[in-house]
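Engineer: Take a look at this one; I'll ask things after.
2 protein chains.
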Amino acid sequence: MKTKKEKIETVDLGAEERIKQAATRLFAKNGFAGTRTRDIAQEAGINLALLNYYFRSKEKLFDLVMLEAMQDFMRSIASIVNNKDMSLEVKLENLVQNYFQLFLVQPDLPLFVMNELRTNPKRLESHLGIKKVIVGSHFFEQIKKRTPKKVNPFQFLMNTMALTVFPFLAAPMLKIIGDMDESAYLQILEERKKKIPQWILAQLLTAKS
Amino acid sequence: MKTKKEKIETVDLGAEERIKQAATRLFAKNGFAGTRTRDIAQEAGINLALLNYYFRSKEKLFDLVMLEAMQDFMRSIASIVNNKDMSLEVKLENLVQNYFQLFLVQPDLPLFVMNELRTNPKRLESHLGIKKVIVGSHFFEQIKKRTPKKVNPFQFLMNTMALTVFPFLAAPMLKIIGDMDESAYLQILEERKKKIPQWILAQLLTAKS
DNA sequence: AGAAATTTTAATCAAATGATTAAAATCATT
DNA sequence: AATGATTTTAATCATTTGATTAAAATTTCT
Numbered sequence: 000m001k002t003k004k005e006k007i008e009t010v011d012l013g014a015e016e017r018i019k020q021a022a023t024r025l026f027a028k029n030g031f032a033g034t035r036t037r038d039i040a041q042e043a044g045i046n047l048a049l050l051n052y053y054f055r056s057k058e059k060l061f062d063l064v065m066l067e068a069m070q071d072f073m074r075s076i077a078s079i080v081n082n083k084d085m086s087l088e089v090k091l092e093n094l095v096q097n098y099f100q101l102f103l104v105q106p107d108l109p110l111f112v113m114n115e116l117r118t119n120p121k122r123l124e125s126h127l128g129i130k131k132v133i134v135g136s137h138f139f140e141q142i143k144k145r146t147p148k149k150v151n152p153f154q155f156l157m158n159t160m161a162l163t164v165f166p167f168l169a170a171p172m173l174k175i176i177g178d179m180d181e182s183a184y185l186q187i188l189e190e191r192k193k194k195i196p197q198w199i200l201a202q203l204l205t206a207k208s
Numbered sequence: 000m001k002t003k004k005e006k007i008e009t010v011d012l013g014a015e016e017r018i019k020q021a022a023t024r025l026f027a028k029n030g031f032a033g034t035r036t037r038d039i040a041q042e043a044g045i046n047l048a049l050l051n052y053y054f055r056s057k058e059k060l061f062d063l064v065m066l067e068a069m070q071d072f073m074r075s076i077a078s079i080v081n082n083k084d085m086s087l088e089v090k091l092e093n094l095v096q097n098y099f100q101l102f103l104v105q106p107d108l109p110l111f112v113m114n115e116l117r118t119n120p121k122r123l124e125s126h127l128g129i130k131k132v133i134v135g136s137h138f139f140e141q142i143k144k145r146t147p148k149k150v151n152p153f154q155f156l157m158n159t160m161a162l163t164v165f166p167f168l169a170a171p172m173l174k175i176i177g178d179m180d181e182s183a184y185l186q187i188l189e190e191r192k193k194k195i196p197q198w199i200l201a202q203l204l205t206a207k208s
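As structure tokens, then:
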């Protein structure tokens with residue numbers, strides 16, 4: 000029945016889980032259309048038919064993998080963003096660090112999500128309550144209080160995300176432009192991790208009109 | 000021979016040009032793998048075989064279209080970035096306006112370019128002299144002069160691009176998060192067009208350590 | 001161990017897709 | 001109009017690719 004085997008967890012994750020992980024990697028790297036089910040099967044070390052046995056179709060597998068990736072992401076920021084015992088300063092630091100931690104491990108994730116949202120914007124709206132997660136958050140209220148009049152506080156939210164996410168989205172280009180290798184670029188990212196909260200706060204203070 | 004017909008330029012661009020334009024649109028929208036040659040042919044209003052007659056293969060067509068898109072883009076910013084009679088302030092304004100103008104017409108372009116560069120970073124390096132265009136530019140020298148010591152001036156370049164490009168890359172997501180329709184989002188973008196140069200300059204002044 | 005359920009595989013199908021070919025249509029030059 | 005070059009089309013091919021099927025292997029339960 001549903002007792003499962005539970006072998007050595009670290010090595011043998013079971014076929015189903017291995018397929019999901021392989022799919023996540025490949026979809027993120029090559030997109031939906033650019034990923035063949037055979038590639039997923041090979042990367043997972045299983046037979047092609049097994050993929051359809053577990054997930055019915057490529058599209059269903061994609062939807063599932065996408066949903067879980069987004070949920071993980073949302074959960075991770077929701078807990079920070081809605082903490083009412085954290086100052087805006089600390090919250091900014093935590094948010095940025097959280098982004099960096101996630102994207103350093105999965106560098107393809109942000110571009111993958113952006114792509115999926117462009118081709119299928121409905122999914123974000125329906126599958127996740129992202130609207131309330133951000134704009135209805137304590138974090139957003141804190142920004143509002145600090146934002147000078149006549150400037151839409153949403154701008155500062157955009158700036159925070161832009162400064163944080165863009166260096167990952169555009170990493171290949173930026174490395175070339177700056178003539179940097181991987182380690183040099185990582186150093187730049189480390190510097191940003193500290194500076195971004197300062198930059199954002201400086202904007203909140205110095206913005207005029 | 001090579002006299003060509005030159006009918007009414009506005010309506011009939013000729014098959015070759017129509018294919019290129021259709022390909023640009025569709026590749027940008029759906030990526031390489033997600034675009035079928037049949038779709039390009041249909042969008043261009045020509046027979047499928049004609050595509051291969053003019054461009055030999057889907058991949059050749061893609062390479063060509065990609066190259067021209069990037070060259071157009073590079074040309075447009077190179078002229079601004081290397082103008083030695085422009086203050087940093089004015090240059091920032093012009094750069095941002097140039098980005099906005101381009102991306103408002105072709106909203107899919109930035110994501111398309113990011114994608115292509117992730118899957119094929121070599122192309123940027125070989126096909127375009129992007130390295131010198133940016134880092135060797137007069138603009139970059141101006142930033143260097145203004146950057147406080149101990150902060151890598153490249154960070155400010157990244158910030159400029161991030162604040163400018165990200166709102167286009169992430170437009171679908173941001174519209175949902177902010178619960179905005181197209182026109183409301185365009186208004187936000189207009190506000191940014193004015194504010195981004197101010198924000199960048201504020202960073203240059205207020206950055207400490 | 002033996003029966004039943006579950007998991008995995010090899011073989012194959014059908015549709016989609018990039019590409020080619022040979023013929024037809026159009027255009028340019030005489 | 002006739003000729004030759006160029007452009008466009010319809011029909012078709014070969015491969016790729018998502019999916020299915022029926023059988024084999026493995027696990028679970030008695």
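Same order as they appear, the protein sequences are chains G and E.
Sequential numbering from 0 applies to the first sequence in numbering that gives the first Met the number 0.
Sequential numbering from 0 applies to the second sequence in numbering that gives the first Met the number 0.
A virtual CB, placed ideally from N, CA and C, is assigned to each residue, including glycine.
Please check if any C-beta of chain G sits within less than 8 angstroms of the C-beta of Q154(E).
Structural biologist: So yes, Q154(E) belongs to the interface.
Engineer: Kindly indicate if chain E contains any beta-carbon less than 8 angstroms away from that of M73(G).
Structural biologist: No, no contact with chain E.
Engineer: Return the residue from the list K194(E), V132(E) and E92(E) that minimises the CA-CA distance to R74(E).
Structural biologist: Nearest C-alpha to R74(E): V132(E).
Engineer: By Cβ distance below 6 angstroms, which residues in the same chain neighbour Q141(E) in space, the five residues on each side in sequence not counted?
Structural biologist: Once the five neighbours on either side are set aside, the close Cβ partners of Q141(E) are L87.
Engineer: So what does DSSP say about I18(G), is it helix, strand or coil?
Structural biologist: Note: I18(G) maps to helix in three-state DSSP.
Engineer: Please tell me whether G33(G) has its Cβ less than 8 angstroms away from any Cβ of chain E.
Structural biologist: Chain E contact via Cβ: present.
Engineer: Measure how close the beta-carbons of A43(E) and R17(E) come, nearest whole angstrom, since I'm counting them as under 8 angstroms.
Structural biologist: Sure, about 4 angstroms apart at Cβ, within 8 angstroms.
Engineer: Could you compute how far the alpha carbon of A40(E) sits from the alpha carbon of A21(E)?
Structural biologist: Cα to Cα, A40(E) sits roughly 8 angstroms from A21(E).
Engineer: Between which two residues does the alpha helix (DSSP H) carrying I45(G) extend?
Structural biologist: I45(G) -> no alpha helix (DSSP H), and no H or E assigned at all.
Engineer: In the DSSP assignment, find the unbroken alpha helix (DSSP H) run with A68(E) in it and report its ends.
Structural biologist: Unbroken alpha helix (DSSP H) run through A68(E): K57 to V80.
Engineer: Quick one: using the 10 Å Cβ neighbour count with 16 as the cut-off for buried, is E189(E) buried or exposed?
Structural biologist: Exposed is the call here.
Engineer: Can you tell me where the alpha helix (DSSP H) with K90(E) in it begins and where it stops?
Structural biologist: Where K90(E) is concerned, the enclosing alpha helix (DSSP H) stretches over L87 to V104.
Engineer: Under 6 angstroms Cβ to Cβ from N81(G), same chain only, skipping five residues before and after it: list those, please.
Structural biologist: Counting only Cβ-Cβ distances below 6 angstroms, and skipping sequence neighbours, we find S136 and H137.
Engineer: Could you give the residue range of the alpha helix (DSSP H) that holds L110(G)?
Structural biologist: Unbroken alpha helix (DSSP H) run through L110(G): L108 to T118.
Engineer: Taking DSSP as the reference, what is the three-state secondary structure of V164(E)?
Structural biologist: Correct three-state label for V164(E): helix.
Engineer: Given a cut-off of 8 angstroms, decide if L162(G) and N158(E) are closer than it, judged by their beta-carbon atoms.
Structural biologist: Yes. Within cutoff.
Engineer: Starting from R191(G), find everything on chain E with Cβ-Cβ shorter than 7 angstroms and list it in chain order.
Structural biologist: Residues of chain E passing the Cβ test: Q154.
Engineer: Just mark K4(E) as buried or exposed, buried being the case when its beta carbon has 16 or more other beta carbons within 10 Å.
Structural biologist: Any reading at K4(E) must be qualified, since the residue scores a pLDDT of 37, below 50, and its modelled position is unreliable; the value itself is stated next. Classification of K4(E): exposed, given that the 10 Å Cβ count is below 16.
Engineer: On the three-pair Cβ rule with 8 angstroms, is the stretch 180 to 200 of chain G touching the stretch 176 to 189 of chain E?
Structural biologist: The stretch 180 to 200 of chain G is not in contact with the stretch 176 to 189 of chain E.
Engineer: What did DSSP end up calling M172(E) once you bin it into helix, strand or coil?
Structural biologist: DSSP places M172(E) in helix when its eight states are reduced to three.
Engineer: Could you check if P226(E) is buried or exposed, using at least 16 other CB atoms within 10 Å of its CB as the buried criterion?
Structural biologist: A question about residue 226(E) goes unanswered here, because the residues of chain E that appear run from 0 up to 208.
Engineer: Any beta-carbon of chain G closer than 8 angstroms to the one on Q100(E)?
Structural biologist: Output row for Q100(E): interface = no.
Engineer: Give the residues of chain E in contact with G44(G), contact being defined as C-beta atoms less than 8 angstroms apart.
Structural biologist: Correct list: empty, because the minimum Cβ distance to chain E is about 24 angstroms.
Engineer: Going along the chain, which residues of its own chain have a beta-carbon closer than 7 angstroms to the beta-carbon of T36(G), five neighbours each way excluded?
Structural biologist: Closer than 7 angstroms at the Cβ level, and outside the excluded window around T36(G), lie L47, L50 and K57.
Engineer: Does the CB of M85(G) have a neighbour CB from chain E at under 8 angstroms?
Structural biologist: No, its Cβ sits nowhere closer than 8 angstroms to a Cβ of chain E.
Engineer: Tell me the DSSP secondary structure of P196(G) in three-state form.
Structural biologist: If DSSP states are grouped into helix, strand and coil, P196(G) belongs with the helices.
Engineer: Just to confirm my understanding: we take G177(G), look at its own chain, exclude 5 residues before and 5 after, and list those with CB closer than 7 angstroms. What are they?
Structural biologist: Excluding residues within five positions, none has a Cβ falling inside 7 angstroms.
Engineer: Alpha carbon to alpha carbon, what distance is there between P196(G) and L91(G)?
Structural biologist: About 6 angstroms.
Engineer: Give a yes or no on whether the C-beta atoms belonging to M113(G) and L60(E) are separated by under 8 angstroms.
Structural biologist: No, they are not a contact pair.
Engineer: State the DSSP-derived secondary structure class of T9(G), mapped to helix, strand or coil.
Structural biologist: Reliability of the predicted coordinates at T9(G) is poor, the pLDDT of 33 falling under 50, and no value is obtained from them.
Engineer: Three-state secondary structure (DSSP) at P152(E)?
Structural biologist: Three-state DSSP puts P152(E) in a helix.
Engineer: Could you tell me the alpha carbon to alpha carbon distance between M69(G) and E15(E), rounded to whole angstroms?
Structural biologist: The straight-line gap from Cα to Cα measures roughly 42 angstroms.
Engineer: Under three-state DSSP, which class holds M179(G)?
Structural biologist: Three-state result, M179(G): coil.
Engineer: Nearest to Q154(E) by alpha carbon, out of Y52(G), Y53(G), L173(G) and D84(G)?
Structural biologist: If we check each option's Cα against that of Q154(E), L173(G) comes out closest.
Engineer: For E181(E), which residues from the same chain have a beta carbon less than 8 angstroms from its beta carbon, with the 5 sequence-adjacent residues on both sides left out?
Structural biologist: Contacts found: K174.
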